[in-house]
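Chemist: Before anything else, here's the structure in question.
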Amino acid sequence: MADRRTYNVLVLGVGFLFIFTAFTTCGNVEQTVVKSLKNSTFSGSGYHSLGIIYGVFSFSNLLAPTVVTVIGAKLTMFLSGLLYSGYIAVFIMPSTWSFYLTSILIGVGAALLWTAQGQFLVENSEASTINRNTGMFWALLQCSMLFGNLYIYLDWNGKSEISDSSRRNIFLFLLVSSILGTLSFLVLRTSHHEEEMLSEEEGQSLLSTRTMYKNRANSALQDTKTEFQTILQLLKTKTIMLLSPCMVYSGLELCFYSGVYGTCIGATAHFGEAAKGLIGISGIVVGIGEIVGGGLFGLLCKNSRFRRTSVVFLGMVVHFIASYLIFLNIPDDAPVVVDSTTQKNPFLTPTASIALLCSFLLGLGDSCFNTQLYSILGYVYAEQSTPAFAIFKFIQSVSAAVAFFYSGYLLLTWQLLLLVIMGFTGTLCFFVVERMQDFSMDLQEQ
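Residue numbers (full-length UniProt numbering): 1 to 446.
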């Protein structure tokens with residue numbers, strides 16, 4: 001039993017590693033690739049596409065549990081993987097309508113994939129193994145930022161323009177990676193929970209298959225309705241209201257490090273022919289920052305309120321340093337130039353070492369905020385963790401969607417200023433929530 005569960009968790013992690021090697025790399029280079037297209041009939045925007053994905057994802061989360069319950073976690077993940085592969089395939093022969101259609105579909109697929117992943121991971125874990133299994137899964141997932149971006153660096157380094165053949169080769173590689181990840185879900189073994197459910201349904205021989213799925217759907221809809229009511233109740237609580245600015249900031253930062261900053265590096269004229277290759281190295285270094293931060297703060301500082309505030313404060317300081325260095329090192333028009341490289345000069349002569357240091361700091365700071373948001377939500381809402389995490393993902397995804405839509409229009413200075421303001425506000429509110437928890441514990445002890 002234990003071996004089967006460990007096998008399932010490893011295969012799940014490997015599947016996500018392959019799929020997100022494709023998707024994370026795609027998000028990092030998407031706007032740069034779109035700008036390089038010589039197709040006069042294509043009028044899409046990478047920023048808008050990513051904004052659509054996160055917007056659709058945030059609202060699709062409301063219905064995803066129902067679908068997963070009806071058709072099962074394994075089949076849901078397989079179908080979602082096909083949607084991810086379809087999105088990657090569009091870049092091989094781009095057209096505007098398919099680009100935006102698959103953006104909508106992958107938003108739905110992402111909600112289904114992550115909901116099914118959570119359910120499958122829980123089904124294959126016990127109280128004694130959940131931390132180990134979660135750690136194994138996230139370690140494999142975070143490695144997805146390394147391999148695809150390494151390919152980008154090796155292929156683009158020294159190139160000032162991205163040719164059609166280069167684009168096709170890259171996205172064929174990413175498509176193969178995504179398909180391999182999708183196919184890996186087919187070799188997942190049936191969990192003990194699923195076996196019990198199937199044997200129970202087989203025992204009810206008088207029920208037709210249609211009636212069986214109808215009963216599953218009705219039960220799932222009732223559960224979804226109950227959870228939605230719980231979400232509405234939690235949204236009115238002081239703790240969620242105070243944590244909302246921090247959740248919004250995590251979404252803005254997600255947009256910046258995953259889609260905007262790589263585009264800025266690739267558009268910086270001062271980097272010359274090394275600019276495009278630096279996009280790949282930047283993605284790798286962001287991933288290293290995420291892995292280092294997740295390992296240190298997610299595993300070592302799990303159950304201490306003091307350390308939670310310390311880690312969030314460190315995240316704020318790290319991000320403020322990164323924002324200031326980016327402000328000095330990257331031209332102001334880098335996020336918004338379309339057909340050419342940057343025209344403006346930054347305060348310092350741009351250097352690759354500072355740009356990559358900022359990449360590491362962005363990844364490290366992001367992991368500080370995310371690990372501690374998960375920690376405090378799990379601590380405060382131990383009995384209502386699922387709706388609490390759903391609120392977090394909803395707010396984070398909506399803010400990321402909004403950020404992607406304004407990223408193609410706002411100069412870098414204004415984007416960084418907004419990040420600094422929201423980062424400071426979010427950190428302050430996080431501290432207030434921790435103080436409230438300390439105060440309530442003091443009252444209980446009296």
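Here a beta-carbon is modelled for each residue, glycine too, at the ideal position from N, C-alpha and C.
Considering only residues of the same chain and omitting the five flanking positions on each side of F18, which have a CB-CB separation below 6 Å?
Modeler: Your numbering for residue 18 matches position 18 in the sequence shown. Result list for F18: S177, L180, G181, in chain order.
Chemist: Return the CA-CA distance between T66 and I288, expressed in angstroms with no decimal places.
Modeler: Working through the sequence shown from its first residue, we reach residue 66 at position 66. Working through the sequence shown from its first residue, we reach residue 288 at position 288. Roughly 36 Å between the two C-alpha positions.
Chemist: Could you name the residues of the same chain whose beta carbon sits closer than 6 Å to that of S304, not counting the 5 residues immediately before and after it, in chain order?
Modeler: To locate residue 304, count along the sequence shown from 1; it is residue 304. Confidence in S304 is poor, its pLDDT being 49 and thus under 50, which makes the residue's placement too unreliable to answer from.
Chemist: Could you compute how far the alpha carbon of S205 sits from the alpha carbon of T6?
Modeler: The sequence position of residue 205 within the sequence shown is 205, counting from 1. The sequence position of residue 6 within the sequence shown is 6, counting from 1. Here S205 scores only 49 on pLDDT, less than 50, and its place in the model should not be relied on; the value that follows carries that caveat. Between S205 and T6, the C-alpha separation is close to 33 Å.
Chemist: Where S95 and K35 are concerned, what is the direct C-alpha to C-alpha distance, given to the nearest angstrom?
Modeler: Against the sequence shown, residue 95 aligns to sequence position 95. Against the sequence shown, residue 35 aligns to sequence position 35. The straight-line gap from Cα to Cα measures roughly 13 Å.
Chemist: Just to confirm my understanding: we take S103, look at its own chain, exclude 5 residues before and 5 after, and list those with CB closer than 6 Å. What are they?
Modeler: On the sequence shown, position 103 is the one that residue 103 refers to. S49, I52, I53, listed in sequence order.
Chemist: With contact counted as at least three CB pairs below 8 Å, one residue from each stretch, are the segment 342–358 and the segment 381–401 in contact?
Modeler: no
Chemist: Report all residues from its chain with a CB closer than 8 Å to the CB of E434; omit the five preceding and five following residues, and keep chain order.
Modeler: Taking the sequence shown and counting its residues from 1, one reaches residue 434 at position 434. Only R305, R308, T309, I376 meet the Cβ criterion.
Chemist: Which runs of the beta strand (DSSP E) at least 3 residues long sit entirely within the segment 20–79? Give them in chain order.
Modeler: none
Chemist: Which same chain residues end up closer than 7 Å to A78 when comparing Cβ atoms and leaving out the 5 residues on each side of it in sequence?
Modeler: Reading the sequence shown from its first residue, position 78 is the one you call residue 78. Looking at the sequence itself, residue 78 is Phe, so the reference to Ala does not match. Only residues of its own chain outside the window of five on either side were considered, and among them T182, F185, L186 have a CB closer than 7 Å to the CB of F78, listed in chain order.
Chemist: Shortest alpha-carbon distance to F147 belongs to which of L373, S407, N28?
Modeler: If you number the sequence shown from 1, residue 147 lands on position 147. Checking every option, the nearest Cα to that of F147 belongs to N28.
Chemist: Along the alpha helix (DSSP H) that carries F256, what are the first and last residues, could you check?
Modeler: Translated into positions along the sequence shown, residue 256 becomes position 256. Neither: F256 is in no alpha helix (DSSP H) and is coded neither H nor E.
Chemist: Checking 8 Å against the spacing of the C-beta atoms, do L242 and V432 come in under that value?
Modeler: Here residue 242 refers to the residue found at position 242 of the sequence shown. Here residue 432 refers to the residue found at position 432 of the sequence shown. Taking 8 Å as the Cβ cut-off, L242 and V432 qualify as a contacting pair.
Chemist: Could you give the distance in angstroms between the alpha-carbon of F394 and the alpha-carbon of T230?
Modeler: One-based indexing of the sequence shown puts residue 394 at position 394. One-based indexing of the sequence shown puts residue 230 at position 230. Going by the C-alpha atoms only, they are around 14 Å apart.
Chemist: Does the beta-carbon of G423 have 16 or more other beta-carbons within 10 angstroms, so that it is buried, or is it exposed?
Modeler: As a first step, residue 423 must be located in the sequence shown, where it is residue number 423. With 16 or more other Cβ atoms within 10 Å, it is buried.
Chemist: Tell me whether the beta-carbon of G280 lies closer than 8 Å to the beta-carbon of Y153.
Modeler: Start at 1 with the first residue of the sequence shown, and residue 280 comes out as number 280. Start at 1 with the first residue of the sequence shown, and residue 153 comes out as number 153. It is a contact, given that the beta carbons lie within the stated cut-off.
Chemist: On the criterion of 16 or more Cβ atoms from any shown chain inside 10 Å, does S47 qualify as buried, or is it exposed?
Modeler: Position 47 of the sequence shown, counting from 1, holds the residue named residue 47. The sequence given here has Tyr at residue 47, not Ser. Buried, since its Cβ has 16 or more Cβ neighbours within 10 Å.
Chemist: Keeping to the same chain, check which residues put their C-beta closer than 6 Å to that of L325; ignore five residues upstream and five downstream.
Modeler: Working through the sequence shown from its first residue, we reach residue 325 at position 325. Only I354, C358 meet the Cβ criterion.
Chemist: Alpha helix (DSSP H) containing residue 449: first to last residue?
Modeler: Missing from the structure shown is residue 449; the chain here goes from 1 to 446 and no further.
Chemist: Would you call the CB atoms of G294 and T371 closer than 8 Å?
Modeler: Sequence index remark: in the sequence shown, residue 294 carries index 294 (1-based). Sequence index remark: in the sequence shown, residue 371 carries index 371 (1-based). Cβ distance < 8 Å, so G294 and T371 count as in contact.
Chemist: Would DSSP call E202 helix, strand or coil?
Modeler: Within the sequence shown, numbered from 1, the residue matching residue 202 stands at position 202. Its pLDDT being 49, under 50, E202 is placed unreliably in this model, and the value from its coordinates should be taken loosely. Reduced to three states, the DSSP call for E202 is helix.
Chemist: Helix, strand or coil for A382? Go by DSSP, reduced to three states.
Modeler: Within the sequence shown, numbered from 1, the residue matching residue 382 stands at position 382. Under the three-state reduction of DSSP, A382 is assigned to coil, being neither helix nor strand.
Chemist: Quick one: Cα of A22 to Cα of V248, how far?
Modeler: For this step, residue 22 is matched to residue 22 along the sequence shown. For this step, residue 248 is matched to residue 248 along the sequence shown. Distance between the alpha carbons of A22 and V248 is about 26 Å.
Chemist: Round the Cβ separation of A116 and T76 to the nearest angstrom and send it over; I've been treating them as touching at under 8 Å.
Modeler: For the purposes of this step, residue 116 is taken as residue 116 along the sequence shown, with counting starting at 1. For the purposes of this step, residue 76 is taken as residue 76 along the sequence shown, with counting starting at 1. Yes, A116 and T76 are in contact; Cβ-Cβ is about 4 Å, under 8 Å.
Chemist: What does a CB cutoff of less than 6 Å around H319 pick up in its chain, not counting 5 residues either side in sequence?
Modeler: By one-based count along the sequence shown, residue 319 stands at place 319. Annotation for H319: G365, G423 place their beta carbon closer than 6 Å to its own, counting only its chain and skipping 5 residues before and after.
Chemist: On the criterion of 16 or more Cβ atoms from any shown chain inside 10 Å, does A382 qualify as buried, or is it exposed?
Modeler: Here the question's residue 382 lines up with position 382 in the sequence shown. Exposed, because fewer than 16 other Cβ atoms sit within 10 Å of the Cβ of A382.
Chemist: Is F404 closer than 8 Å to G259 when the C-beta atoms are compared?
Modeler: Here residue 259 is taken as the residue at index 259 of the sequence shown, counted from 1. Here residue 404 is taken as the residue at index 404 of the sequence shown, counted from 1. Yes.
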